[in-house]
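Keeping their order, the protein sequence lines are chains W and A.
Residues in the first sequence are numbered from 22 upward in steps of one, following this note's numbering.
Residues in the second sequence are numbered from 22 upward in steps of one, following this note's numbering.
Glycine included, C-beta positions come from ideal geometry on N, C-alpha and C.
Below: one structure, written as structure tokens.
Number of protein chains: 2
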Amino acid sequence: MKIIGTFAETRALATGAVGLVPTMGFLHEGHVSLMERARRVCDTLVASLYVNPTQFDERGDFDRYPRDLDRDAAIAAAAGVDILFAPDDDEMYPNHPVTAVSLPALTDRMEGAHRPGHFEGVATVVAKLLAGIQPQTAFFGRKDAQQLAVISSMAADLSFPVDIVGGSIVREHDGLALSSRNIFIENRDAACTLSSALMTAADAYERGVVDGAELESLVVETVKGADVEYVELADARTTERLVSLDRPAFLAIAARVGSVRLIDNVFFSGSPLAADRGTNLDAPSLLYGQGDA
Amino acid sequence: MKIIGTFAETRALATGAVGLVPTMGFLHEGHVSLMERARRVCDTLVASLYVNPTQFDERGDFDRYPRDLDRDAAIAAAAGVDILFAPDDDEMYPNHPVTAVSLPALTDRMEGAHRPGHFEGVATVVAKLLAGIQPQTAFFGRKDAQQLAVISSMAADLSFPVDIVGGSIVREHDGLALSSRNIFIENRDAACTLSSALMTAADAYERGVVDGAELESLVVETVKGADVEYVELADARTTERLVSLDRPAFLAIAARVGSVRLIDNVFFSGSPLAADRGTNLDAPSLLYGQGDA
Numbered sequence: 022m023k024i025i026g027t028f029a030e031t032r033a034l035a036t037g038a039v040g041l042v043p044t045m046g047f048l049h050e051g052h053v054s055l056m057e058r059a060r061r062v063c064d065t066l067v068a069s070l071y072v073n074p075t076q077f078d079e080r081g082d083f084d085r086y087p088r089d090l091d092r093d094a095a096i097a098a099a100a101g102v103d104i105l106f107a108p109d110d111d112e113m114y115p116n117h118p119v120t121a122v123s124l125p126a127l128t129d130r131m132e133g134a135h136r137p138g139h140f141e142g143v144a145t146v147v148a149k150l151l152a153g154i155q156p157q158t159a160f161f162g163r164k165d166a167q168q169l170a171v172i173s174s175m176a177a178d179l180s181f182p183v184d185i186v187g188g189s190i191v192r193e194h195d196g197l198a199l200s201s202r203n204i205f206i207e208n209r210d211a212a213c214t215l216s217s218a219l220m221t222a223a224d225a226y227e228r229g230v231v232d233g234a235e236l237e238s239l240v241v242e243t244v245k246g247a248d249v250e251y252v253e254l255a256d257a258r259t260t261e262r263l264v265s266l267d268r269p270a271f272l273a274i275a276a277r278v279g280s281v282r283l284i285d286n287v288f289f290s291g292s293p294l295a296a297d298r299g300t301n302l303d304a305p306s307l308l309y310g311q312g313d314a
Numbered sequence: 022m023k024i025i026g027t028f029a030e031t032r033a034l035a036t037g038a039v040g041l042v043p044t045m046g047f048l049h050e051g052h053v054s055l056m057e058r059a060r061r062v063c064d065t066l067v068a069s070l071y072v073n074p075t076q077f078d079e080r081g082d083f084d085r086y087p088r089d090l091d092r093d094a095a096i097a098a099a100a101g102v103d104i105l106f107a108p109d110d111d112e113m114y115p116n117h118p119v120t121a122v123s124l125p126a127l128t129d130r131m132e133g134a135h136r137p138g139h140f141e142g143v144a145t146v147v148a149k150l151l152a153g154i155q156p157q158t159a160f161f162g163r164k165d166a167q168q169l170a171v172i173s174s175m176a177a178d179l180s181f182p183v184d185i186v187g188g189s190i191v192r193e194h195d196g197l198a199l200s201s202r203n204i205f206i207e208n209r210d211a212a213c214t215l216s217s218a219l220m221t222a223a224d225a226y227e228r229g230v231v232d233g234a235e236l237e238s239l240v241v242e243t244v245k246g247a248d249v250e251y252v253e254l255a256d257a258r259t260t261e262r263l264v265s266l267d268r269p270a271f272l273a274i275a276a277r278v279g280s281v282r283l284i285d286n287v288f289f290s291g292s293p294l295a296a297d298r299g300t301n302l303d304a305p306s307l308l309y310g311q312g313d314a
């Protein structure tokens, strides 16, 4: 695996069918699952690693976001990555950027409403990665379900010749969705009630409950010890709130547990619609000290 | 020359160093000069032809914009174009677009102030062309000087691996800057005072006048029979108004002559700064009936 700092060198080295897994580093099994999936369908697998300042709505969150290049390089290499594109700020933003890519119709709710500017930062930096690396396929986790909708629409609207693929959530053995920010969680029991509440709603759907408000209420009532910001059943493509679970959708929650803001969801897709609850790990994840294994 | 309707087929046929000349058709010698310049430096020369509805701020202007594919194909083929990319609306906007590319800092004045939404439409559609065709070089006329600044910043900010090249204005023998809209001009003498006013200011610069307000006033005072919307000396990169002509810049005018809105400018670049007045044709342009020659 090569660690490359420039778009130009990445393009020069990336031949054949190029797959891209964009990340902000501090990799976990969620990223690894995307890399392994990409590895099977690509000639050159590129992972990008950049903690993008323009998508953080809180300076403190950006400052404390975990960073460890050596750890990430070891994990990426083991997952089959050919090129770890790890640009510095001068490569990503050589000039003060004046261009914004925005999708207001998809981002006026949920994460977009609670994190001003977040999705503009995401859409713009992902457009940069697609333009600068020119992958044929790009892989994103379903944990950021609204982000996946935003990026899918952005890529299609801007005619990028890329397939956007969403990968299932990977969870700790106790159900907690993997996130680089999990290392800051102090009240694990409370954090785990997010996923158990979503699973309760998925159970209800499988018993025949399709009413959006009822599914949302089930989640809200089951979460304990967390300050819920929103629970919403959203159209998987448009992110519009659904009154009935009758099309591809995700049931999403955002909540604060102590100082940590967490998001999670259950994705519904296929015909008939089936719940993608994610996959639970058997053992504690890489996040807790096995990164250099 | 092939006429192609899809991005995918255009990409498949465009090999080697790809040059792109985006147009809205009804080609004239300004477009031809860009094509001939591109022809010299590219392996595959692609010209795009699409009257993009999202960049028109006036429905009437869109409706009456001149269109003639056969005429344009003949001119493009004679100019050395390999692929004329002429998509229909379904290829360009298969879904209702929800993505906007915007550069508010460069577009809050001049054309952007007088044509709400215009530059968002331009930046978005050009991003589509760069993403979908993947040219190494793209050519734009300097007549749309603010547009050239917008596209240059957009391409750099989004990390498109493309060189944006600006070509000099081509003018009728009487100085009128070529524009597909010129066929609607009824008061030619008034229209010609735009360019003669700009040349008067260029003469003044060459005599040592560098004060922005003085150069602008010279233009305003020299135009006759036209309703001036703005005259501005603008930084060529940032489009900010300049108090002094001390860096690459353009002195721009927009005015209505009867029912036609016209723009023109003199570009200043190089070291020392020299006026690019454009090139006058010896005979009436292609616009007046020689397109199938």
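Whether or not the stretch 156–170 of chain A and the stretch 160–171 of chain W are in contact is what I'm after, with contact meaning three or more pairs of Cβ atoms, one per stretch, closer than 8 Å; do they touch? no
Residue-chain proximity (residue 151 of chain A, chain W), Cβ-Cβ < 9 Å: yes
Any non-hydrogen atom of the ligand SAH closer than 8 Å to residue 22 of chain A Cβ: This structure simply doesn't include the ligand SAH, nor any ligand for that matter.
Residue burial classification, residue 179 of chain W (beta-carbon count within 10 angstroms, cutoff 16): buried
With residue 59 of chain A and residue 40 of chain A assumed to form a contact (beta carbons below 8 Å), what rounded beta-carbon distance in angstroms separates them? 4 Å
What is the C-beta distance between residue 239 of chain W and residue 221 of chain W, in whole angstroms, given that I count them as a contact (C-beta under 8 Å)? 6 Å
Determine whether the Cβ of residue 121 of chain W lies closer than 9 Å to any Cβ atom of chain A. yes
Can you give me the Cβ contacts of residue 66 of chain W inside the same chain, cut-off strictly under 7 Å, excluding the 5 residues immediately before and after it? 40, 56, 59, 60, 101, 102 and 103
In terms of residues, what are the limits of the alpha helix (DSSP H) holding residue 91 of chain A? 90–99
Residues of its chain near residue 313 of chain W, where Cβ-Cβ distance is below 8 Å and the 5 sequence neighbours each way are ignored: Only weak support exists for where residue 313 of chain W lies, its pLDDT of 44 falling under 50; the value from the coordinates is given anyway. Here the set comprises 91, 92 and 95.
For residue 334 of chain W and residue 195 of chain W, what's the separation of their Cα atoms in angstroms? This structure leaves residue 334 of chain W out entirely; chain W is present only between 22 and 314.
Residue nearest to residue 242 of chain W in terms of C-alpha spacing, selected from W/267, W/216, W/292 and W/169: W/216
Residues, ordered as in the chain, of the stretch 177–188 of chain W that lie near chain A by beta-carbon distance below 8 Å: 177, 178, 179, 180, 181 and 182
Which residues in chain A sit within 8 Å of residue 126 of chain W, going by Cβ to Cβ distance? 119
Closer than 7 Å, Cβ to any Cβ of chain A: which residues of the stretch 30–55 of chain W, in chain order? 32
Partners in chain W for residue 155 of chain A, counting only beta-carbon separations shorter than 7 Å: 155
Using a Cβ-Cβ cut-off of 7 Å (strictly less than) and excluding sequence neighbours within five positions of residue 151 of chain A, which residues of its own chain qualify? 159, 176, 181 and 183
Nearest-angstrom Cα separation, counted from residue 83 of chain W out to residue 72 of chain W: 8 Å
Whole beta strand (DSSP E) runs in the stretch 170–236 of chain A with 3 or more residues, listed along the chain? 184–188
Under 9 Å, do residue 63 of chain W and residue 38 of chain W count as touching if we go by C-beta distance? yes
Do residue 260 of chain A and residue 171 of chain A have their CB atoms nearer than 9 Å? yes
If I'm right that residue 266 of chain W touches residue 231 of chain W with Cβ under 8 Å, what's the distance once you round it to whole angstroms? 4 Å
Nearest-angstrom Cα distance between residue 305 of chain A and residue 193 of chain A? 6 Å
Proximity test, Cβ basis, 9 Å: residue 113 of chain A and chain W: yes
Counting C-beta neighbours from all protein chains within 10 Å, is the total for residue 207 of chain A 16 or more, i.e. buried, or is it exposed? exposed
Can the beta-carbon of residue 271 of chain A be found closer than 9 Å to that of residue 252 of chain A? no
Taking three-plus beta-carbon pairs below 8 Å as touching, is the stretch 126–141 of chain A in contact with the stretch 290–310 of chain W? no
Only counting runs of 3 or more residues, tell me where the beta strand (DSSP E) segments fall wholly within the stretch 245–314 of chain A, in order along the chain. 248–256, 270–278, 281–290 and 295–297
Once DSSP output is grouped into helix, strand and coil, what is the label at residue 40 of chain W? strand
Straight-line Cα distance separating residue 296 of chain A from residue 77 of chain W: 44 Å
How about residue 198 of chain A and residue 51 of chain A: are their beta carbons less than 9 Å apart? yes
Are the beta-carbon atoms belonging to residue 237 of chain A and residue 275 of chain A less than 9 Å from one another? no
Taking the alpha carbon of residue 106 of chain A as the reference point, which residue from A/155, A/285, A/173 and A/269 has its own alpha carbon closest? A/155
Grouping DSSP H, G and I as helix and E and B as strand, with all else coil, what is residue 148 of chain W? helix
Three-state secondary structure assigned by DSSP to residue 70 of chain W: strand
Three-state secondary structure assigned by DSSP to residue 161 of chain W: strand
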